[in-house]
Amino acid sequence: MSPTWLSDMSDTDLKHIIDSLELIFFDVDGVLALTTVPIPGAGECVLKLRELNKNIGIVTNNTFSTQKELSTRLAHCGVKEEEISTPNYALLAYLKSINFSKDVYLIGSVLLRDMLTNAGYNVIVSEDIRKEPIGENFTDIVQVITDTLSICKNVGAVVLCFAINFNSQAAQVAATILNHIPDVMLLSGATDDTAPLSAKHFVVFPKYYVDGIERWTNRKCTPMAKPSDALKDLLFSKYNITDPSKVLFVGDSVTSDIAFGRSCQFKTLLVLSGTMKKDHILKGSLPEEQTPDFIASSLGELYQRLKNY
Ligand SMILES: [Mg+2]
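Encoded structure:
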């Protein structure tokens, strides 16, 4: 299957597709906004789709902004807090679904720690093992391992996610738990390599330490972020989805958004206003599971086609 470019689509075909949709999910960064800057035409496009009676959902791998912060950032799209779904919510729903009741060791945001704590879980972070920096000698490192095995003896899940203040002690503790405490699950939130920040800058994301912890423990994370089954389960339940062909997923990343949309059997639209550029598409063919149904330069292009509906 090769994608259809919006620019090659007739008005009749486009109308047929839009008419067939009940629910449209949007990624945030690179689709609706780049950090705090709205992407031109994105807000108008979302508002137009609302006017056409489409249900709207926001599905982002951002694990450190609250729903309130995100809805403020997305005011140009009229986004309400309850329309936002993130891997943090997928994690809470997953833990609830398996009646999880043990302690959680977390490498992640303060927001995720608070959400887990508010849900009733005892959350342990690296600073609970040792607040002061580890001395640069083997005795001190061995002491951290000993303390980990004592303080973390009731841990049942290690959760790895975006943590801007990550340090190697946090990874040392995670590896110690996973290698020496029995029956501990390994779960992950955001695991991307980088995230776009502006035209010139990117944020270093957790892939480097998630890869390391998997390698040192010979384990694989069960993911909670796009493209994961946990997030899929959350959305199907939250929106009561019975016919995925009436759902469109709009994203700028083929590996997270398009792969996720396809795994859910949604229709998929790739926009080239974020991670992927036209050159990337033209240069090589995408794997089948990452190939979108449709491609547009941005939501601004879609808005131009829809505005007179
Ligand atoms: Mg994105």
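Heads up: the sequence shown begins at 1 in full-length UniProt numbering, then just goes up one per residue.
Glycine included, every Cβ here is placed at the ideal spot set by N, Cα and C.
- If you check the C-beta of Thr-275 against ligand 1, you find a heavy atom less than 7 Å away.
- At a cut-off of 7 Å, the beta-carbon of Ser-253 counts as near ligand 1: some heavy atom of the ligand is closer than that.
- In summary, Ser-71 is buried, with 16 or more beta-carbon neighbours lying within 10 Å of its beta-carbon over all protein chains present.
- Counting every other CB atom within 10 Å of its CB across the protein chains shown gives Phe-249 a total of 16 or more, marking it as buried.
- Inclusion of Tyr-309 and Glu-44 in the CB contact set at 8 Å is not warranted, their separation being larger than that value.
- As summarised for the segment 151-193, the continuous beta strand (DSSP E) elements at least 3 residues long and confined to that stretch are 155-160, 185-188, given in chain order.
- Nearest to Thr-242 by C-alpha distance, out of Met-185, Gln-265, Val-123, Phe-205, is Gln-265.
- For Tyr-94, the uninterrupted alpha helix (DSSP H) segment begins and ends at 87-97.
- Placement of the Cβ of Gly-30 at a distance of less than 7 Å from at least one heavy atom of ligand 1 is found.
- CA-to-CA, the gap between Asn-99 and Phe-138 works out to about 39 Å.
- Here the distance from the Cβ of Asp-192 to the nearest heavy atom of ligand 1 is not below 7 Å.
- By the Cβ-count criterion, Asn-53 is exposed, with fewer than 16 other Cβ atoms from all chains shown falling within 10 Å of its own Cβ.
- Contact between the segment 138-152 and the segment 175-184 is established, with three or more Cβ pairs separated by less than 8 Å.
- Within the segment 219-264, complete beta strand (DSSP E) segments of at least 3 residues are found at 247-251, given in chain order.
- The C-beta distance from Tyr-105 to Ile-124 rounds to 5 Å, short enough to fall under 8 Å.
- Nearest to Tyr-94 by alpha-carbon distance, out of Leu-47, Val-159, Gln-67, is Val-159.
- Within 7 Å of the C-beta of Asp-27 there is at least one heavy atom belonging to ligand 1.
- If you check the CB distance, Asn-167 and Lys-102 do not come in under 8 Å.
- Ala-199 counts as exposed, since fewer than 16 other C-beta atoms from the protein chains shown sit within 10 angstroms of its C-beta.
- In the structure shown, Lys-48 falls within a helical segment according to DSSP collapsed to helix, strand and coil.
- Under the DSSP assignment, Asp-19 falls in the alpha helix (DSSP H) whose first and last residues are 11-20.
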